[in-house]
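Just so you know, the protein sequences line up as chains A and B, in that order.
Read left to right, the first sequence gives residues 89 to 432 (our numbering).
Read left to right, the second sequence gives residues 662 to 983 (our numbering).
A short write-up of the structure that comes next.
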Amino acid sequence: MKYRALKELILTRTREFYREPEAVFWVYVFPVLLMGGLGVAFPGDSDKEIRVNVVEGPRAETVATRLSAAKNIRVERVDPETARQRHAAGKVELIVEAADDGYRYLYDPTRTGAEAIKIRVNDLLQSAEGRKDPVATKDVPITETGSRYVDWLIPGILGMNIMGGGMWGLGFVTVDLRMRKLLKRFVATPMRRGEFLFALVASRLFFLIPETVAVLLIGHFLFGLEIRGSVGAVALLSLVGSLAFAGIGLLVASRTDKIETVSGLINLVMLPMWLVSGIFFASERFPDKVQPLIQALPLTQLNNSLRAVILEGRTLSAQWMPLSILAAYGAVSFFAALRIFQWK
Amino acid sequence: MTPLAIRTKNLVKRYSRDVLAVDGLDLEVRQGECFGLLGPNGAGKTTSIEILEGILRPTSGEVEVLGHAWGKNDRQLRQKIGITLQETRLSEKLTVLETLRLFRSFYQAGIEPEKAIELVDLGEKTRARVGKLSGGQRQRLAVACAIVGDPKLLFLDEPTTGLDPQSRRQIWDILRRFRQEGRTILLTTHYMDEAERLCDRVAIVDHGRVIALGSPSELIASLGGEHVVELAVGDANGNPSRPAGLPSEEELRTLPGVSGVHVNGSEIQLTTSKPHVVLPPLIEKLEGNEGVLAALAIRHASLEDVFVKLTGRHLKEGEASP
Chain A
89 MKYRALKELI
99 LTRTREFYRE
109 PEAVFWVYVF
119 PVLLMGGLGV
129 AFPGDSDKEI
139 RVNVVEGPRA
149 ETVATRLSAA
159 KNIRVERVDP
169 ETARQRHAAG
179 KVELIVEAAD
189 DGYRYLYDPT
199 RTGAEAIKIR
209 VNDLLQSAEG
219 RKDPVATKDV
229 PITETGSRYV
239 DWLIPGILGM
249 NIMGGGMWGL
259 GFVTVDLRMR
269 KLLKRFVATP
279 MRRGEFLFAL
289 VASRLFFLIP
299 ETVAVLLIGH
309 FLFGLEIRGS
319 VGAVALLSLV
329 GSLAFAGIGL
339 LVASRTDKIE
349 TVSGLINLVM
359 LPMWLVSGIF
369 FASERFPDKV
379 QPLIQALPLT
389 QLNNSLRAVI
399 LEGRTLSAQW
409 MPLSILAAYG
419 AVSFFAALRI
429 FQWK
Chain B
662 MTPLAIRTKN
672 LVKRYSRDVL
682 AVDGLDLEVR
692 QGECFGLLGP
702 NGAGKTTSIE
712 ILEGILRPTS
722 GEVEVLGHAW
732 GKNDRQLRQK
742 IGITLQETRL
752 SEKLTVLETL
762 RLFRSFYQAG
772 IEPEKAIELV
782 DLGEKTRARV
792 GKLSGGQRQR
802 LAVACAIVGD
812 PKLLFLDEPT
822 TGLDPQSRRQ
832 IWDILRRFRQ
842 EGRTILLTTH
852 YMDEAERLCD
862 RVAIVDHGRV
872 IALGSPSELI
882 ASLGGEHVVE
892 LAVGDANGNP
902 SRPAGLPSEE
912 ELRTLPGVSG
922 VHVNGSEIQL
932 TTSKPHVVLP
942 PLIEKLEGNE
952 GVLAALAIRH
962 ASLEDVFVKL
972 TGRHLKEGEA
982 SP
């Protein structure tokens, strides 16, 4: 049978993985815990309480009473020192100082949502003083699934997992095999080297399926995430993305025989992508000048296309570009690794 | 004459300007024999065997294995050889059977994995994880991985190093059976008893060169006597020392029947074929010098003595610093 060795190699790798409790933990349980943590930080409803401190003074009581009457605002009257400390610790979003000649708002405008909170508090206080809006307004909140931050986040987590799984999975295993002199033992047999490396990459797919399904299921049941595009498209994107990162992981580990070295290299490769490839915040935040560079990164391509399919319901035919970029990353790194691979 | 399984000519391996691991090795291993490379640690045995296995490239020289040179059709050649490396840690998470299935899958032809397990007496451990095996069992599994491709030629690098006596005997039995089927074995060892019991011919290697070659009995016979008289001399209280009572090497050499002398501190080793002739005048000499006999033994000469005679050192000397 022509592919018997390939089959045995893939089977071996899969067995080794599933019999290693720690590996299973990091690949499956860790993302679940991460998602759970996000569930606490971003509950499904938008009724998040605003925390405002009013500094003690002549008009503090009036201000506090007025704010307390509003929905979802927790007000406390404290001395200036305590207010500052709480703000520095992130426990309070806004500090109000009520002097005789007017109000002073103390807040950090670079903090997410701080500006909006200030505007809301100001509106409340101004209208309590008798301000009339020249034009009638009405608030219509959009809480539809698919447009919340957590919806945006889940495809990014999926992409991050695919990257980490491929890089650590291939990088660690390769160096471990080299340290144990098993690579040397294998090349002393008639085994085909390409087949061996391909089996390492291909076995990633077996781990990928439960990993991806886990993230999406939790997203669905905990956060009500809906996949608007086709599940098949998500599967194909995950698969090609996984192969790309497995290839890169293999390349990173192709010549080193120390776990420390390979850990450093993997982190070095992944760190920029964690930052700029749109896991926790959009990569569009970075200046236009560096955008071509960011767009050339595999994780950016994977995250963008996962979001396009999951959130916007784009079809696979619109994703041929990211798919080819990811496939190219996989193929180039795989063959480069095969060329420079250190077997002994 | 039997065809050759391995032939090397003027094999050299230089790792750097100062490190010359193999220094002009000439070997001829016949088909069907068990051939041993015996030498202390650092003698270049592993480098030599890895060149023969096609894992390392020699700096210069010729290698022919089963009539082929390494470098073309290597996979074809690998189909016919089996190896165990000095150190391989097989995957602990796999079972014995799974490990052998994997290795078997690399070979076009071979024996059933179950058969290989049986040949190395691991039948009871077929479904046990490798991580649960003892050192000896792991080594037998390594041998099973080497023979599962049904090789004509088996390479073993220090197959019993670090094993207990019983495990060593088990490995020897496996190798003897393999050899009885007319196959060739090349092994390295720094145990002289292993070489003596297992090998048809032995090349004693030191500093990357062959310094003696022949069957164990031929090599021992080259000492000029098959007995070794060992004695230690002490002071008046019997404590080992190097007292004035010790006869000089020259004096010992001129004793009747002595064919070789090795003095190491307070210990003397004499090679002879007639211990009964050597002993009386020797003891007389000690008496005359007022030396006290602290220990005396007569034993059969071994390959160790051959090595000592050729190099002035013991095989095990390198052992403390692996």
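Backbone N, C-alpha and C define an ideal beta-carbon position, used for all residues, glycine too.
The structure presented is a predicted model; accordingly, all values stated were derived computationally and were not measured.
Contacting residues, own chain, Cβ-Cβ under 6 Å from residue i (five flanking each side not counted)
i: F311 of chain A; result: V238
i: A704 of chain B; result: V866, D867
i: R402 of chain A; result: G317, A396
i: A290 of chain A; result: I98
i: I336 of chain A; result: S421
i: N355 of chain A; result: none
i: G145 of chain A; result: A186
i: S330 of chain A; result: I250, G254, R292, L296
Other residues of its chain near residue i: CB distance less than 8 Å, five sequence neighbours each side excluded
i: T756 of chain B; result: T787, R788, A789, R790, V791
i: L954 of chain B; result: L892, A893, V894, G895, I944, L947
i: T749 of chain B; result: A803
i: E910 of chain B; result: V922, V924
i: G784 of chain B; result: I778
i: S934 of chain B; result: G885, G886, E887, H888, G918, S920
i: D196 of chain A; result: H175, A202
i: A981 of chain B; result: The predicted model places A981 of chain B with a pLDDT of 36, which falls under 50 and marks its position as unreliable, so this point remains unresolved.
Beta-ladder partner(s) of residue i, from DSSP
i: S721 of chain B; result: B:V673
i: A893 of chain B; result: B:E928, B:A956
i: H888 of chain B; result: B:T933, B:H961
i: D679 of chain B; result: D679 of chain B is not bridged to any residue.
i: R691 of chain B; result: B:L665
i: V919 of chain B; result: B:T933
i: L874 of chain B; result: B:A864
i: L815 of chain B; result: B:G743, B:I846
Contact belief for residue i with residue j at Cβ below 8 Å, rounded distance in angstroms
i: T745 of chain B; j: D811 of chain B; result: Contact doesn't hold; Cβ gap of about 16 Å is too wide.
i: A406 of chain A; j: V328 of chain A; result: Incorrect: roughly 15 Å between the Cβ atoms, too far for contact.
i: L940 of chain B; j: I929 of chain B; result: Wrong, their Cβ atoms sit about 12 Å apart, outside the cutoff.
i: V163 of chain A; j: V142 of chain A; result: 6 Å
i: A962 of chain B; j: G886 of chain B; result: 7 Å
i: G823 of chain B; j: L686 of chain B; result: At roughly 26 Å, the Cβ-Cβ gap does not stay under 8 Å, so G823 of chain B and L686 of chain B are not in contact.
i: G880 of chain B; j: L964 of chain B; result: The sequence as given places Leu at residue 880 of chain B; Gly does not occur at that position. Confirmed, about 6 Å.
i: V967 of chain B; j: P936 of chain B; result: About 18 Å; that fails the 8 Å criterion.
i: Q389 of chain A; j: P375 of chain A; result: 19 Å between Cβ atoms; not a contact.
i: L688 of chain B; j: A864 of chain B; result: 6 Å
i: P774 of chain B; j: L751 of chain B; result: About 14 Å separates the two Cβ atoms, so there is no contact after all.
i: G693 of chain B; j: G843 of chain B; result: 5 Å
i: A276 of chain A; j: L339 of chain A; result: A276 of chain A to L339 of chain A, Cβ: 24 Å. No contact.
i: E714 of chain B; j: F816 of chain B; result: 5 Å
i: L241 of chain A; j: I205 of chain A; result: Their Cβ separation, rounded to whole angstroms, is 22 Å, which puts L241 of chain A and I205 of chain A out of contact at 8 Å.
Cβ shell of residue i (< 7 Å), same chain only, five flanking positions each side left out
i: M251 of chain A; result: F333, M358, M361, L387
i: Y417 of chain A; result: A332, G335, I336, P386
i: G979 of chain B; result: Caution applies to G979 of chain B, whose pLDDT of 45 falls short of 50 and renders its modelled position unreliable; the value that the coordinates give is listed next. So the qualifying residues of the chain are P701, N702, G703.
i: L727 of chain B; result: A666, L738, K741, K813, L814
i: A682 of chain B; result: K674, Y676, G705, T708, G869
i: A958 of chain B; result: E891
i: L212 of chain A; result: R154, L155, A158
i: D735 of chain B; result: G715
i: V151 of chain A; result: V142, V184, A186, L213
i: V724 of chain B; result: T669, L672, I712, L713, A730, W731
Interface residues of chain D facing residue i [CB-CB closer than 8 Å]
i: S766 of chain B; result: Among the chains of the structure shown, chain D does not appear; the protein chains present are A and B.
Quiz prompt | chain B contacts from the segment 257–290 of chain A (Cβ-Cβ distance under 9 Å) | solution = L265, M267, R268, K269, L270, K272, R273, F274, V275, A276, T277, P278, M279, R280
Quiz item: Listed from N- to C-terminal order along the chain, which residues in the segment 368–380 of chain A have their beta-carbon within a distance smaller than 7 Å of any beta-carbon of chain B?
Solution: none
Self-check item: chain A contacts made by the segment 745–757 of chain B, where a contact means CB separation under 8 Å
Solution: L746, E748, T749, R750, L751, S752, K754, L755
Quiz item: Just checking, does the segment 360–376 of chain A make contact with the segment 243–252 of chain A on the three C-beta pairs under 8 Å criterion?
Solution: Touching, yes, given that three or more Cβ pairs across the two stretches are closer than 8 Å.
Quiz prompt | the segment 259–268 of chain A touching the segment 341–359 of chain A, judged by at least three CB pairs closer than 8 Å | solution = A contact exists between the segment 259–268 of chain A and the segment 341–359 of chain A.
Quiz item: Using a Cβ cut-off of 7 Å, which residues of the segment 721–745 of chain B contact any Cβ in chain A, in chain order?
Solution: So the list reads R736, R739, Q740, I744, given in the order they occur along the chain.
Quiz item: So, do the segment 909–921 of chain B and the segment 847–865 of chain B have three or more beta carbon pairs nearer to each other than 8 Å?
Solution: no
Exercise. State whether the segment 424–431 of chain A contacts the segment 275–286 of chain A, with contact taken as three or more CB pairs (one from each stretch) at a distance under 8 Å.
Key: yes
Quiz prompt | Any 3 or more C-beta pairs closer than 8 Å across the segment 702–721 of chain B and the segment 662–676 of chain B | solution = yes
Quiz prompt | At least 3 beta-carbon pairs within less than 8 Å: the segment 143–163 of chain A vs the segment 103–116 of chain A | solution = no
Practice problem: Can you give me, in chain order, the residues of the segment 770–787 of chain B that have a beta carbon less than 8 Å from any beta carbon in chain A? | Solution: none
Quiz item: At a Cβ cut of 8 Å, what residues of the segment 322–346 of chain A count as close to chain B, listed as they run along the chain?
Solution: none
Self-check item: chain A contacts from the segment 691–724 of chain B (Cβ-Cβ distance under 7 Å)
Solution: E714, I716
Practice problem: Return the residues of the segment 188–222 of chain A that lie within a Cβ-Cβ distance of less than 9 Å from chain B, sorted by chain order. | Solution: none
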